[in-house]
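Take a look at the structure below.
2 protein chains.
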Amino acid sequence: MAGTVTVPSASVPSTPLLKDELDIVIPTIRNLDFLEMWRPFFQPYHLIIVQDGDPTKTIRVPEGFDYELYNRNDINRILGPKASCISFKDSACRCFGYMVSKKKYVFTIDDDCFVAKDPSGKDINALEQHIKNLLSPSTPFFFNTLYDPYREGADFVRGYPFSLREGAKTAVSHGLWLNIPDYDAPTQMVKPRERNSRYVDAVMTVPKGTLFPMCGMNLAFDRDLIGPAMYFGLMGDGQPIGRYDDMWAGWCMKVICDHLSLGVKTGLPYIWHSKASNPFVNLKKEYKGIFWQEDIIPFFQNATIPKECNTVQKCYLSLAEQVREKLGKIDPYFVKLADAMVTWIEAWDELNPSTAAVENGKAK
Amino acid sequence: MAGTVTVPSASVPSTPLLKDELDIVIPTIRNLDFLEMWRPFFQPYHLIIVQDGDPTKTIRVPEGFDYELYNRNDINRILGPKASCISFKDSACRCFGYMVSKKKYVFTIDDDCFVAKDPSGKDINALEQHIKNLLSPSTPFFFNTLYDPYREGADFVRGYPFSLREGAKTAVSHGLWLNIPDYDAPTQMVKPRERNSRYVDAVMTVPKGTLFPMCGMNLAFDRDLIGPAMYFGLMGDGQPIGRYDDMWAGWCMKVICDHLSLGVKTGLPYIWHSKASNPFVNLKKEYKGIFWQEDIIPFFQNATIPKECNTVQKCYLSLAEQVREKLGKIDPYFVKLADAMVTWIEAWDELNPSTAAVENGKAK
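Going line by line, the protein sequences match chains A and B. Residue 1 is where the first sequence starts when you use this note's numbering, and the numbers rise one by one after that. Residue 1001 is where the second sequence starts when you use this note's numbering, and the numbers rise one by one after that.
The following block contains the structure:
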């Protein structure tokens, strides 16, 4: 019964999917040699490189890639005082790339992520799988036990209401990691040798009302549908916390997707995560987050967005006020974060005037 | 960080797990030759066979199995007038077996289900996997992207609140099917040749607040935790509907598990479902359900159980009244079903007096 999205199944499609509608955003502090391995899959696409740290350093990008690169000086020049909402010395800076992109879709990947192999030994074209995920609907309102019903060879099972089989638009595709799993510092310390070798051949929708830990390592989204919610917060230099940038974005994004009836998928594609970051350094970055998340999670689980918020921007500003009011009591950091959330939306609308005008239903 | 349940990994454990604490319930109308294939896995366990249809027919059970068998005459004799709540000429009759079991765990399987093979070609011990699922906690309150965090080689990912890592008790383990997928009649008709050949190597918790279609073909549960909610309704002979028995049980059970903070898992183990039932016959049984489920699903999505209902029985009786009041408006069938739900609980408590007394907190 389900409409299957027909996409060429070869690893390297002859015409790359969405070639002119997708940007690849990469935050980095080093030469991008990792792109060599991705060349067959990424070369047709445009890259947005967000250089973190010392802006005088030169980042080498392998020959033949089409890219634009922004360092901290560029960010300050383009955003002026609003640059304060973009983190420094933390991969949270990547969200600047989402803001300056002019494309409908964004794929973001870390520079320590390599091409993984599927169980048959074939290289996995992660980008192609993300695109498949984004172009086919999600099923946030009811759980399908055979996983993605739009996938070839699968469908909705008996008992799945027919009125829900059209699904919802997919806003986010969250991919996973073979080799080094995305663990927090305490788990890294307790299980230093754990490697993820289980290839789970599934894509699933995270149900409406359910929060999940969104990792920014291997992530794609529809910028038109959810872009302004993909703010990675204030982390790193001058902030009391790190390594919660993608989590923060994921919680805000999920609450807004639930409100706007948009879908979020997780599962395939896998990338090969090459090396674990230092658990001692990570613990220092994370430890406040480890306490705070015990309050943050119930906050987001109970957050409701007023009915009249019908754009991502309006939803996001509503969330910012709730963060200020409710999480501000935990620590002054959250008041600063709420301010930055507002600044982020102002900056987004400034750089994306047409979308802002259309989405907010008024001329700018 | 997660405690892993250590269970012998051989297909045929030397000491069968929970040998004296688990019954296998099989509804049938034919000789149970299918048990031959399951012999290495099932023979150590006690079987409860619920014979449907003509009670004068003799059902042959292969040698060497330890079993008790109930036909319609037995059901009528044991339950008296309360036998009206047990369906006839429908596999819904299986729930009589849950009621007469004296064990903590129940595994139920259809007689057209055979041993499946994992991708390495090894026979899957479905029962062993169900037991692993039931003996390790669930994670209904927050989604873990690497699936079951209690499984060896997996854990909770970064961003998963530490206060939730103990998980919840697991009440239900829902297994899947290779070969013939569990499709409704319309999907069977549209895709007569579709076979499920995708082995997804995952077990996951169905999140709190999310409903799913529970299939009774390959299912295990903790009778002490959730038994009285596993009523398969009024189906088959004399009823306007069939093939919604397991769905009905699943929806009631899930709402109650959410209320009582119990977990429900789906995924592994797979069984090999040998043959598709006749889609034309199925359509006749299902067609009212196809309409009704459009109202039933929102009903269960919005159902709330009063806080003071602290046993499965009390929760179930509360649901029965809501069914009568709200679904009774759709069709008088639901009033009859609500009556049967009450009768079921009365019969359950009669056959399980100690549990009833303990769970309801009063002497009987």
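Every residue gets a Cβ at the ideal spot worked out from N, C-alpha and C, and that includes glycine.
Along the alpha helix (DSSP H) that carries residue i, what are the first and last residues, could you check?
i, result
"B:Leu1317", "1312–1326"
"B:Pro1040", "1035–1042"
"A:Met214", "Here A:Met214 belongs to no alpha helix (DSSP H), and DSSP marks it neither H nor E."
"A:Phe334", "333–351"
"A:Met99", "95–100"
"B:Asn1125", "Run containing B:Asn1125: none; DSSP gives neither H nor E here."
"B:Gln1226", "With the sequence shown as reference, residue 1226 of chain B is identified as Ile, and Gln is not the correct amino acid for it. Note, B:Ile1226: alpha helix (DSSP H), 1223–1226."
If we ignore side chains and look at the alpha-carbon of each, how far apart do residue i and residue j end up?
i, j, result
"B:Leu1260", "B:Val1312", "8 angstroms"
"B:Pro1298", "A:Phe142", "10 angstroms"
"B:Asp1308", "B:Lys1314", "In the sequence on display, residue 1308 of chain B carries Glu and not Asp. C-alpha separation (whole angstroms): 9 angstroms."
"A:Arg151", "A:Phe41", "22 angstroms"
"A:Trp344", "A:Gln51", "19 angstroms"
"A:Ile59", "A:Val106", "22 angstroms"
"B:Lys1364", "B:Asp1331", "Any reading at B:Lys1364 must be qualified, since the residue scores a pLDDT of 34, below 50, and its modelled position is unreliable; no value is offered."
"B:Asn1073", "A:Thr205", "47 angstroms"
"A:Leu134", "A:Pro16", "15 angstroms"
"A:Pro44", "A:Lys19", "6 angstroms"
"A:Met1", "A:Leu32", "At A:Met1, the pLDDT of 43 sits below 50, so the modelled position is not reliable and the matter cannot be decided from this model."
"B:Ser1197", "A:Gly153", "8 angstroms"
"B:Thr1304", "B:Gly1209", "11 angstroms"
"B:Ile1049", "B:Gly1064", "15 angstroms"
"B:Tyr1067", "A:Ile271", "50 angstroms"
"B:Asp1094", "B:Tyr1316", "Rather than Asp, the amino acid found at residue 1094 of chain B in this sequence is Arg. Their backbone Cα atoms lie some 19 angstroms apart in a straight line."
"B:Gly1328", "B:Ile1290", "17 angstroms"
"B:Glu1325", "B:Val1335", "8 angstroms"
"A:Asn278", "A:Gln293", "21 angstroms"
"B:Lys1057", "B:Asp1110", "19 angstroms"
"A:Arg39", "B:Leu1146", "28 angstroms"
"B:Ser1083", "B:Thr1028", "The sequence as given places Ala at residue 1083 of chain B; Ser does not occur at that position. Cα-Cα distance, rounded: 18 angstroms."
"B:Pro1353", "B:Ile1086", "19 angstroms"
"A:Leu351", "A:Asp295", "33 angstroms"
"A:His130", "B:Gly1236", "45 angstroms"
"B:Lys1132", "A:Val190", "24 angstroms"
"B:Glu1359", "B:Ala1338", "Note that B:Glu1359 scores a pLDDT of 49, beneath 50, so its modelled location is shaky; the value from the coordinates is reported in the next line. Answer to the nearest angstrom: the Cα atoms are 22 angstroms apart."
"B:Asp1245", "B:Phe1300", "15 angstroms"
"B:Leu1234", "B:Ala1340", "7 angstroms"
"B:Asp1148", "B:Ala1202", "7 angstroms"
Considering just the uninterrupted stretch of the beta strand (DSSP E) at residue i, what are its terminal residues?
i, result
"A:Pro192", "No beta strand (DSSP E) contains A:Pro192, which DSSP labels as neither H nor E."
"A:Phe107", "105–109"
"A:Ile24", "22–28"
"A:Ile48", "46–51"
"B:Thr1205", "1203–1205"
Taking all protein chains shown into account, do 16 or more other C-beta atoms lie within 10 angstroms of the C-beta of residue i, making it buried, or fewer, making it exposed?
i, result
"A:Thr139", "buried"
"B:Asp1155", "buried"
"A:Gly227", "buried"
"B:Gly1238", "exposed"
"B:Val1157", "buried"
"A:Ala168", "buried"
"A:Pro119", "exposed"
"B:Arg1243", "buried"
"A:Pro8", "Caution is warranted here: a pLDDT of 47 is assigned to A:Pro8, below 50, making its placement in the model unreliable, and the coordinate value is therefore given only provisionally. It counts as exposed."
"A:Phe280", "exposed"
"A:Arg383", "The structure shown does not extend to residue 383 of chain A, since chain A is modelled only from 1 to 364, so the question has no answer here."
"B:Ser1163", "exposed"
"B:Glu1286", "buried"
"A:Asp54", "exposed"
Under 8 angstroms from any heavy atom of the ligand ZN, does the C-beta of residue i make it?
i, result
"B:Asp1201", "For the ligand ZN, the structure offers nothing, since it holds no ligand at all."
What residues from chain D crowd round residue i, counting only those whose CB sits closer than 8 angstroms?
i, result
"B:Cys1113", "No chain D is present in this structure, whose protein chains are A and B."
### Query
What beta strand (DSSP E) runs, 3 residues minimum, are completely inside the segment 1238–1282 of chain B?
1263–1273
### Query
Would the segment 1211–1220 of chain B and the segment 1162–1179 of chain B be scored as touching if the rule is three or more Cβ pairs under 8 angstroms?
yes
#### Entry: Cβ contact check for the segment 1157–1173 of chain B and the segment 1221–1239 of chain B: 3 or more pairs under 8 angstroms
yes
### Query
Do the segment 18–31 of chain A and the segment 90–101 of chain A make contact, defined as three or more Cβ pairs closer than 8 angstroms?
yes
### Task
Please list the segments of the alpha helix (DSSP H) lying wholly inside the segment 53–94 of chain A, counting only runs of 4 or more residues, in order along the chain.
You should have 72–79.
### Message
Between the segment 124–131 of chain A and the segment 1255–1275 of chain B, can you find at least three pairs of beta-carbon atoms closer than 8 angstroms?
### Response
Judged by pairs of C-beta atoms under 8 angstroms, the segment 1255–1275 of chain B does not touch the segment 124–131 of chain A, as fewer than three such pairs exist.
### Query
Curious, which full-length alpha helix (DSSP H) runs of at least 4 residues does the segment 1128–1195 of chain B contain?
1185–1190
### Query
Are there three or more Cβ pairs, one per stretch, closer than 8 angstroms when the segment 108–115 of chain A is compared with the segment 63–78 of chain A?
no
### Query
Quick check: the segment 1340–1354 of chain B against the segment 1074–1090 of chain B, are there 3 or more CB pairs under 8 angstroms?
yes
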